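*Asks:* Numbering (numbering that gives the first Met the number 0), first residue to last: 0 to 87.
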Amino acid sequence: MVTELNQELVAAFLAAGDNELEVVDPVTRRVYVLVDCETHRQAMDALRRQQDRNAIGEGLKQMQSGAGKPLDQAFSEMRARLGFPRHE
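(1) Compute the distance between the beta-carbons of LEU13 and VAL22, then report whether it is under 8 Å.
(2) For GLU21, which beta-bridge partners are listed by DSSP?
(3) Expressed to the nearest angstrom, what Euclidean distance is found between the alpha-carbon atoms of LYS60 and ASP71?
(4) Among the residues of its own chain, which have a CB less than 8 Å from the CB of ARG29, if the five just before and after it don't count?
(5) Pick out whichever of GLN63, ALA54, ASP35, MET43 has its Cα sitting closest to the Cα of LEU4.
(6) Please specify which runs of the alpha helix (DSSP H), each continuous and at least 4 residues long, are wholly inside the segment 28-76, giving them in chain order.
(7) With H, G and I counted as helix, E and B as strand and the rest as coil, what does DSSP make of PHE83?
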């Protein structure tokens, strides 16, 4: 969903310059942060990369401790679950 900012928010956003702008919902008192779209995309990409690194690190720890499944077994189970033919 996209909505337009009113003039008061536009002026506040411009005054904030390169900084984020915090806005408060007067009913719930919940605070929101407004940033430009490109900054948001970059932040979300960085977060996903960090989450991927964390997941890989956790997988490596499990593998090193002997937990988990051998790769061939995991692929075989995945093929069976998805109805793919067995890999020869």
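Every residue, glycine too, gets a C-beta built ideally from N, C-alpha and C.
Since the model is a prediction, treat every value here as computed from it, not as a measurement.
*Replies:* Reading it off the structure:
(1) By one-based count along the sequence shown, residue 13 stands at place 14. By one-based count along the sequence shown, residue 22 stands at place 23. No, these two residues do not count as a Cβ contact at 8 Å.
(2) Position 22 of the sequence shown, counted from the start, is the residue given in the question as residue 21. VAL32.
(3) Taking the sequence shown and counting its residues from 1, one reaches residue 60 at position 61. Taking the sequence shown and counting its residues from 1, one reaches residue 71 at position 72. One C-alpha to the other measures close to 19 Å.
(4) Residue 29 sits at position 30 when you count from the first residue of the sequence shown. Closer than 8 Å at Cβ, skipping near neighbours: VAL23.
(5) The residue given as residue 4 occupies position 5 in the sequence shown. Of the listed residues, the one whose Cα sits closest to LEU4 is ASP35.
(6) 36-63
(7) In the sequence shown, the residue the question calls residue 83 occupies position 84. Coil.
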